[in-house]
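*Asks:* In my numbering, the protein residues as written are 447 to 545. Glycine included, C-beta positions come from ideal geometry on N, C-alpha and C. I'd like to ask you about the structure that follows.
Encoded structure:
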């Protein structure tokens with residue numbers, strides 16, 4: 447089968463997938479408010495999808511708490527020890543003034 451046709455069929459499949467229940471669930475997820483006083487941190491992988499990397503770089507440039515985990519993908523970042531180490535570091539900063 448032609449790669450272009452395969453890609454088109456796959457794209458149409460994704461549109462159908464996101465037009466059903468999944469789209470309704472995604473609509474219900476609240477947008478993060480980065481301007482409130484609630485402490486938050488974003489951790490992403492260096493091998494994450496380009497849109498996430500780009501968004502995180504923008505947030506980093508605004509001095510928000512954003513940490514990149516080297517060699518991590520979107521799907522495995524939560525399984526890596528370094529991710530948990532960074533989480534502990536952030537919690538210490540938030541609640542124990544970095545000590």
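So who's on the other strand from residue 491, going by DSSP bridges?
*Replies:* 515
*Asks:* Can you confirm whether the stretch 466-476 touches the stretch 490-509 when touching is taken to mean that 3 or more C-beta pairs between the two stretches lie within less than 8 Å?
*Replies:* no
*Asks:* Which residues in the same chain as residue 529 place their Cβ atom closer than 8 Å to its Cβ, once the five residues preceding and following it in sequence are excluded?
*Replies:* 489, 515, 518, 523
*Asks:* What residue from 510, 533, 535 has the CA that sits closest to residue 482's CA?
*Replies:* Comparing Cα positions, the closest option is 510.
*Asks:* Assuming residue 513 and residue 487 make a contact with CB atoms under 8 Å, what is their CB distance in whole Å?
*Replies:* 7 Å
*Asks:* Comparing alpha-carbon positions, which option in 495, 504, 493 lies nearest residue 480?
*Replies:* 504
*Asks:* Between the C-alpha atoms of residue 542 and residue 492, what's the straight-line distance to the nearest angstrom?
*Replies:* Whole-angstrom Cα-Cα distance: 28 Å.
*Asks:* Which of the three DSSP states, helix, strand or coil, is assigned to residue 521?
*Replies:* coil
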